[in-house]
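Here's the structure we're looking at; comments come further down.
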Amino acid sequence: LLSKRMRKMPSTPEEKLVLSNSTLTYFEYPPGRAEAIRLAFKIGEIPFTDHRITFGEWKSLKPTYKPWHHVPILTLSDGVTVIGQARTILRMVGKCSGLYPSHNNNIVVAAQCDELLDAIDDVHMKAKAVGSHLSDSQKRREARADACSPDGGSIALGLAALDDFIGQHGKNGHAVGDTFTIADLNLFCMTSLWCSGFIDGVPHDVMNNFSHIQECRKLVATHPIVMNHYDSREEKNGGKLHEFETYYKNARNLD
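Its first residue numbered 15, the sequence shown is counted upward by one per residue in the working numbering.
Here's what the structure looks like:
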C-alpha cells in the first residue's frame, strides 16, 4: 500500500478505458516534455505504448504530424484520434490516472496545478533564451551560469518563484495540495531536465538552494512506480542509464 504522501485522487474505469492501449510518441532522448506523461500513465496503471523516435527519424515524420508538426502526440487505440500539445496530453492522462484535481469540486487546486505548469514553462523558455543571441558557445554557457546565480540571476529568480509557490500551496512535499498531481510530476521532470545539462551552461547543482523543489523531486523519485520505471530503463539498457536520465533517478538520493 502507498503511504499517505503517495496518495492520488480517484479515477473511474471508464476514464482509464479511454486511454487504454494508446500510443505516446516522443524522442528517445532527452526525456523532455513526454516524461511526465509517461509517469502519469504508469502511476495510473493504464497500459500504453511508449513509442520513442530518434532525431533522424523525426525529419521524415514531422510533416505527417498534423496540425502542429511536433511531438509529443498521443494516438488513441482507435488509431484515428490524435491528441497533440504536451500539457493537454498531460492533463488528459492526469485526469484518467487520478492525478488531476477534477473531482470533488477542486477547481481552485486544478487552477493552481495549471498555474504551476505554466510557470515552469516560463522558466524553461527563460533559461533557453539566456545567451541565445551569443554565437560563442563559451560565452553563452557563462551567461547562463551567471543567470543561475542566487544574487539576482534571472533563472535563479524564476526558480525562487517556483519554490515560493510550492511553499505556499503544497504540503508534505507535494507541489500543490497534499496528494500526487501532474504538478508534482511535471516539476520533477522539468527540474531534473534542467539539472541534467540539457540546457548548456545551467549547472548540475542549480536546484540546491531551493528546498521545496528538492523535497518534491525526492518525493516523486521515491514513488515505487517511478523507481521501478528508471530501474527498468537501466536494466533494459545494459545496466546504464542515458546521462540525462541519471538526474531523474538520482533525485531519490537527495538529502
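Ideal Cβ positions, reconstructed from N, Cα and C, are used throughout, including at glycine.
Computed from a predicted model, the values in this text were never measured in an experiment.
Buried or exposed, going by whether 16 or more other CB atoms sit within 10 Å of the CB of residue i?
{"i": "M252", "result": "Reading the sequence as shown, one finds Gly at residue 252 and not Met. Counting Cβ neighbours within 10 Å, G252 comes out exposed, since fewer than 16 surround it."}
{"i": "I239", "result": "exposed"}
{"i": "T102", "result": "exposed"}
{"i": "S116", "result": "buried"}
Closer than 7 Å by C-beta to residue i: which residues in its own chain qualify, once you throw out the five before and the five after it? Chain order, please.
{"i": "L104", "result": "A50, I51, A54, I196 and N200"}
{"i": "L15", "result": "Legend: pLDDT at L15 = 41, less than 50; position of this residue unreliable, value from coordinates given subsequently. Closer than 7 Å at Cβ, skipping near neighbours: no residue."}
{"i": "C162", "result": "I169, A170, V216, P217 and V220"}
{"i": "N223", "result": "P164"}
Please state the DSSP three-state secondary structure of residue i.
{"i": "L15", "result": "Confidence at L15 is low in this model, with a pLDDT of 41, below 50, so the placement of that residue should be treated as unreliable; the coordinate-derived value is given next. L15: coil per DSSP, three-state reduction."}
{"i": "T236", "result": "coil"}
{"i": "F202", "result": "helix"}
{"i": "Y40", "result": "strand"}
{"i": "L88", "result": "strand"}
{"i": "F258", "result": "helix"}
{"i": "I57", "result": "helix"}
{"i": "F224", "result": "coil"}
{"i": "I97", "result": "strand"}
{"i": "I67", "result": "strand"}
For my contact list, residue i and residue j are in at a C-beta cut-off of 8 Å; report their separation, rounded to the angstrom.
{"i": "P86", "j": "T37", "result": "With 8 Å as the limit, P86 and T37 do not qualify as a contact, their Cβ atoms being about 10 Å apart."}
{"i": "H226", "j": "G167", "result": "That belief does not hold up - the Cβ atoms of H226 and G167 are roughly 19 Å apart, past 8 Å."}
{"i": "S206", "j": "Y261", "result": "5 Å"}
{"i": "L285", "j": "G184", "result": "Any question about residue 285 goes unanswered here, given that the chain covers just 15 to 269."}
{"i": "A133", "j": "A175", "result": "7 Å"}
Spatial neighbours of residue i within its chain, please: C-beta separation below 6 Å, excluding the five flanking residues on both sides.
{"i": "G307", "result": "Any property of residue 307 remains undetermined from this structure, which presents the chain solely from 15 to 269."}
Are the segment 200-215 and the segment 125-143 touching by the rule of at least three beta carbon pairs closer than 8 Å?
yes
Closer than 8 Å is the cut-off here; do at least three beta carbon pairs connect the segment 182-190 with the segment 106-113?
At 8 Å Cβ cutoff, the stretches do not touch.
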